[in-house]
Every structure is written in C-alpha cells, then in structure tokens.
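One structure is given below, encoded as structure tokens.
Chains as they are written, first to last, in my numbering: chain P, 754 to 1116; chain C, 12 to 70.
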C-alpha cells in the first residue's frame, strides 16, 4: 500500500546516462513495487464511482484555458493581419472554432496523459490526473469537440482552415502526445509546431490562402517554443524525470540545455525581427522586435553562463507543489527567460495587431 | 435501482444544464452560419447576373 513515508524513500528515476523513458504498455496493469503515486492513481481509478461527480468546470479545465487564450490571441492576429474580406460574424465563429479545436486537442492530451500527469507536481491537479474526470469521458469530450469545431470552421470559412485545424489536433494529440513526447528529447521542438498553427489557421480563415507571411508567423512561434519550454524544464526537471519524459535537461543535462537555448535564441530573434523587414510589420513592430529580441538574447546569454538546472528545483527539494516563479537563486535566470519569453511573444503579436487595426481604422 | 448521493445528483444536474446551454449555443451558431452562407450565395448570384454570367437556373 502507498503511504506517506514511501515518498521520501522512493529512488529517483534514472537520469542520464542510461535514462529510460517510461512507456505505458497495453494489457493488464501490474503494480510496480514502491511506485507509490502510480498505485495511488490506479486505486483511485478502480474505486471511481460509476456515476461521475465531475463538474462543468472540470470539463472546462480539460480545454487548457491558459493555452487557449494564447491560441485565441495568435489566431486573431493572423486573421486580422491577413486583411481578407471576412465579415465579423464569420470571424468570431472562426476564432471560436480555433479555440475550441485547440481545447479539444488539450482534452485529448489530458485523457492520454492522465497517468503521467499524476506523477508531476505541475500537472497532478488536472481533472483526469486527479481522478475528477474519467479518462474515457475526457477522450469522448475531446473527439466530439474536435469534430464539431473542424466541421463548423470548414462550413463557416473554408476547408483549408478546417483542414489546418484538423491537422493541428491530430499533430498535437496523436503525433506529439502519443509518439514524440516519450521518445525523444527533441519532443518539444517538433511538437511545438502544433502551437504554431493558430495564426496560419486564422490567416486561412480570412483569405482562403496560407501565403509565406502566414508561415513566417508560424516560424516565430515554432522557434520560440524550445527556449520557452526548456527554460521551464530547467527548474522542473525532477518532475519530468519522475514521469519518465525525456525533456532536454533530463536526457542531456542542464549544461547542454542552456547551450541549446542560446543557439535556438540566435535563430529565433532574427526570425522575430523578419516581419518588420519584409513589410508584414511596421515601425512599431520593428522597434518592439529589436528591443525585445536584444532583451531575450541577453537573458539567454545570462542563462547560458549560469548554473540553472544543475541542482534539483526548489519545489522538489522542499517537497511542495511546484511554483512557476518561486525557484532557487541559481535557477532565476531560467525563470526570468521563461517569463520574458511569454511577454516577448505577446508583445510581437500585439504590435502586429495594433498596427493593422490602426491602418484599418485610420483615415 | 441505484440511489444517487446528493453530490452525484448535484453534479449531474450541473452537467445537464451545461450540456443544454452548449447545445442551444451550437444550434444558434449553425443557424447563423446557414443564414450567412445563404446571403453570400444570393449576393454572388446577383453579382453574376449583373455581370451577364449564366447562373444556371431561372433568373
């Protein structure tokens, strides 16, 4: 039986070298000796009541509302910057469909990752991981929302947008969650494409096309994802190791991760400035992208020279819930880059949006 | 027959209300999309007639 004292005695998951990612296998479940959290989840699943006590709010949480807000923001930017002749009702429905489609992908991810989420402090409060929502209910919820969002987007705007939304859902829930996440430390690099599609879908919804300018916005988010995710992973690596996910700091170590963050930043910042030089963005965008890019680069260099991630993260050391921003002093450069990366991406898209709206409402 | 606990009943009622709300919203959305598509097609037909193009059925 699982008991409180097991927590302190359980050996840490193997780190590099010889790191072996956890892969769930089909067939009857076998209780691993001493794997307390997994046993606790299984016991909860087995004793779950036939009649659910899940609240509507739990189903809303399945949609990953925080991720959805960023998806909405970038999709709106793509839709507005595209400058098509879409009416406001269709535009609103398109954004709603993109948001719900992204949420459906999140629900499928949570349904498939319930066991792994239960092992990580950051994610164990999620509805499926905490046992509030049944895995099959979450799966059904995700599939139904996926079908309706794709169909409605296709009927309202065009089938290029609908197809891209379907591709995003399949890419995230199928390709990233089932295949990539546990197999390669490059998971977040390749999987980051799923988060980069919304502005392209927004652009396609407005115009029926996806020109190179839309793919430039895609590339910005795609190249932003690795430094952003790895900065967070540097100070929550213990959780990923426990769950058997080969995130870069777990599989290759903190030093290699800090270097790779810097290398990706060197590619990302010029890409972020590119819209300002190609006519997609104006002077406001150019200013924001250059100033913010220099800040991003400075923080990445500071992180590269730091010892962030060399020690277990603070939450793990003191055995409490993980916090996004309360970290060890050595890990602060990673935390700072993580926080600034969100600010920078938001500022880039906000600048594009403001410039375009100013043009539309101007004389 | 299985008797539900107050907690289960309460949760089920809330879920039922939420599903009803979402269904109503979905019906309104589909209606709006249908009207929009009708309007687009009527406008396209008018433009085609104005440009002297055949529209495929009685004008």
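Note that the Cβ used here is the ideal one computed from N, Cα and C, for glycine as well.
{"Check": "Close-in-space but distant-in-sequence residues of the same chain around residue 1105 of chain P (CB under 6 Å, 5 per side omitted)", "Outcome": "830, 834, 1034 and 1038"}
{"Check": "Residue 897 of chain P vs residue 918 of chain P beta-carbon contact at 8 Å", "Outcome": "no"}
{"Check": "Under 8 Å between C-beta atoms of residue 807 of chain P and residue 26 of chain C", "Outcome": "yes"}
{"Check": "Residue 787 of chain P versus residue 999 of chain P: straight-line alpha-carbon distance, rounded", "Outcome": "Residue placement at residue 787 of chain P cannot be trusted, given a pLDDT of 42 that sits under 50; what the coordinates show is reported in the next sentence. Rounded to the nearest angstrom, the two C-alpha atoms are 22 Å apart."}
{"Check": "Contact with chain C by residue 781 of chain P, beta-carbon distance below 8 Å", "Outcome": "Interpretation of residue 781 of chain P is limited by its pLDDT of 41, a score under 50 that renders its predicted location unreliable; no figure is taken from the coordinates."}
{"Check": "Cβ of residue 855 of chain P within 8 Å of any chain C Cβ", "Outcome": "no"}
{"Check": "For residue 929 of chain P, the nearest candidate out of P:960, P:916, P:945 and P:915 (CA to CA)", "Outcome": "P:945"}
{"Check": "Cross-chain neighbours of residue 62 of chain C in chain P, by beta carbon under 8 Å", "Outcome": "Result: empty, since nearest Cβ-Cβ is about 18 Å, beyond 8 Å."}
{"Check": "First and last residue of the uninterrupted alpha helix (DSSP H) at residue 962 of chain P", "Outcome": "No alpha helix (DSSP H) contains residue 962 of chain P, which DSSP labels as neither H nor E."}
{"Check": "Min CB distance residue 35 of chain C to chain P below 8 Å", "Outcome": "no"}
{"Check": "Own chain, CB closer than 6 Å to residue 981 of chain P, minus 5 neighbours either side, in chain order", "Outcome": "1094"}
{"Check": "Distance, residue 61 of chain C Cα to residue 860 of chain P Cα", "Outcome": "49 Å"}
{"Check": "The segment 842 to 849 of chain P / the segment 954 to 969 of chain P touching (three or more Cβ pairs under 8 Å)", "Outcome": "yes"}
{"Check": "As assigned by DSSP and simplified to three states, the class of residue 939 of chain P", "Outcome": "coil"}
{"Check": "Chain C within 8 Å of residue 818 of chain P, Cβ atoms only", "Outcome": "no"}
{"Check": "Residue 44 of chain C at chain P interface by Cβ criterion, 8 Å", "Outcome": "yes"}
{"Check": "Sequence ranges, beta strand (DSSP E) only - wholly within the segment 848 to 922 of chain P, length at least 3", "Outcome": "none"}
{"Check": "7 Å Cβ cut-off: residues of chain C touching residue 960 of chain P", "Outcome": "Simply none; closest approach about 15 Å."}
{"Check": "Contact with chain C by residue 703 of chain P, beta-carbon distance below 8 Å", "Outcome": "Only positions 754 to 1116 of chain P appear in this structure, which leaves residue 703 of chain P out of reach."}
{"Check": "Three-way DSSP call (helix, strand, coil) for residue 56 of chain C in this model", "Outcome": "helix"}
{"Check": "Nearest candidate by alpha-carbon position, reference residue 972 of chain P, set P:992, P:940, P:985 and P:1026", "Outcome": "P:1026"}
{"Check": "Contact residues within the segment 822 to 848 of chain P, judged by C-beta distance below 8 Å to chain C", "Outcome": "840, 842, 843 and 846"}
{"Check": "Contacts of residue 900 of chain P in chain C (Cβ-Cβ under 7 Å)", "Outcome": "Within chain C, no residue comes near residue 900 of chain P; the closest Cβ sits about 12 Å away, beyond 7 Å."}
{"Check": "Secondary structure of residue 1033 of chain P, DSSP reduced to three states", "Outcome": "coil"}
{"Check": "Residue interval of the alpha helix (DSSP H) (run including residue 1002 of chain P)", "Outcome": "1001 to 1004"}
{"Check": "Three-state secondary structure (DSSP) of residue 66 of chain C", "Outcome": "coil"}
{"Check": "Same chain, Cβ closer than 7 Å to residue 1110 of chain P, five either side skipped, listed in chain order", "Outcome": "833"}
{"Check": "Short CB-CB distance (under 8 Å) between residue 40 of chain C and chain P", "Outcome": "yes"}
{"Check": "Same chain, Cβ closer than 6 Å to residue 867 of chain P, neighbours up to 5 away in sequence not counted", "Outcome": "881, 882 and 888"}
{"Check": "Opening and closing residue of the alpha helix (DSSP H) in which residue 811 of chain P lies", "Outcome": "809 to 815"}
{"Check": "Length of the line joining the Cα atoms of residue 1036 of chain P and residue 890 of chain P", "Outcome": "49 Å"}
{"Check": "Residues near residue 1018 of chain P in its chain [Cβ-Cβ closer than 8 Å; skip 5 each side]", "Outcome": "980, 1049, 1050 and 1053"}
{"Check": "Counted within 10 angstroms of its Cβ, other Cβ atoms place residue 899 of chain P as buried (16 or more) or exposed", "Outcome": "buried"}
{"Check": "Cβ-based contacts, 8 Å cut-off: residues of the segment 867 to 899 of chain P near chain C", "Outcome": "none"}
{"Check": "Residues near residue 800 of chain P by beta carbon distance below 6 Å, same chain, minus five either side", "Outcome": "Note that residue 800 of chain P has pLDDT 49, beneath the 50 cutoff, so the model's placement of it is unreliable and the number below is only indicative. Around residue 800 of chain P: no qualifying Cβ."}
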